[in-house]
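Numbering (the numbering used here), first residue to last: 1 to 152.
Yeah, the Cβ is synthetic: ideal placement off N, Cα and C, and Gly gets one too.
Report on one structure; see the data block that follows.
Following this line, the structure appears as structure tokens:
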């Protein structure tokens, strides 16, 4: 697993994650997990195995997720191979103004963000318990979380 995380609300990290191979074996989080960043690019990575999601962008802005090979990654059935977060649990912005270009049309994307574009993908609308997703992605609560999950 690769985790990039900045302090919630600051979004100073701007990184490029490219040409990697991630092998996951029943992990309870994502292969590439990007949190609280601005302008991050996730490009041409291969993610194999099983876990919550292959690539996750949480509370980021202006991210580009491009041509990642997630065909051999099985995501949690309530999520997708690529997840763009969009819940204001911590009082910080949703993932916004980000773009996902899928390598194949069968790649699944759950877009819960704001003003995001998803191109050449199968959009997932599966219900997700946000509390569970946050725990799986490794995000720790800085404020009290709501007592109920948010389903979209």
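- If you draw a 10 Å sphere on the C-beta of residue 107, you find 16 or more other C-beta atoms in it, and that means buried.
- The C-alpha of residue 53 lies about 18 Å from the C-alpha of residue 94.
- Put simply, the backbone Cα of residue 3 is about 20 Å away from that of residue 72.
- Under DSSP, the beta-bridge partners assigned to residue 57 are 34, 84.
- Ranked by how close their Cα comes to the Cα of residue 19, the residues 105, 113, 13, 45 have 45 in first place.
- If you ignore the 5 residues before and after residue 26, its C-beta comes within less than 6 Å of the C-beta of 50, all in its own chain and listed in chain order.
- Excluding sequence positions up to five before and after residue 43, its CB lies within less than 6 Å of the CB of 18, 66, all in the same chain and listed in chain order.
- C-alpha of residue 64 to C-alpha of residue 76: approximately 22 Å in a straight line.
- Inter-residue distance for residue 57 and residue 117 is about 13 Å (C-alpha atoms, whole angstroms).
- Closest in alpha carbon position to residue 29, among 123, 99, 80, is 80.
- In the DSSP assignment, the residues bridged to residue 51 are 75.
- One thing to note: residue 31 has its Cβ no nearer than 7 Å to the Cβ of residue 38.
- Its chain contains 94, 95, 112, 113, 114 as the residues whose beta carbon lies nearer than 7 Å to that of residue 86, once the 5 sequence neighbours on both sides are disregarded; these appear in chain order.
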